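The opening residue of the sequence shown carries number 951 in the working numbering; numbering runs sequentially from there. We treat Cβ as the ideally placed atom computed from N, Cα and C, and that holds for glycine. The model shown is predicted, which means the values in this text are computed figures rather than measured ones. Below is one structure, written out as structure tokens, with a few remarks after it.
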Amino acid sequence: ILEQSRAHAETAAQCKVAQTRLEELECKLLKANESLARMESAQNTLESSVLPKGENRDLSPSRRAEHLLKVIREKEESSMQVLDLRNQLNKEASKRADMVLEHETEKLQLRDELAKQRT
């Protein structure tokens, strides 16, 4: 009877561990399903914003992927052009700032010379 009691207690402990593990796995599965739903929603939003209207359902997955890659490349190129333009503007602004600084320096030097001549 003592041996059966130990075996029963051992089995009960194993069941409790298994139940806890099952609950952990169910929680992970729930989180994974929620994450998958969010990703699918984001993908649908992306596709609906970049794919031509009415063609979303007509394109095969490979054609959809090609179209999305094309749009992404265009956006990257556009972003690079914007960055290039910003760099050019910054260079121009820097040149102008240098010119203004040089002009102001010359004005101060002329004022100093005038002040010296007056005294």
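- Taking a cut-off of 8 Å for Cβ pairs, the stretch 983-1002 and the stretch 1016-1028 touch, as three or more such pairs fall below it.
- Rounded to the nearest angstrom, the gap between the Cα atoms of residue 957 and residue 976 is 28 Å.
- Under the DSSP assignment, residue 1055 falls in the alpha helix (DSSP H) whose first and last residues are 1011-1068.
- Between the alpha carbons of residue 982 and residue 1042 lies a distance of about 51 Å.
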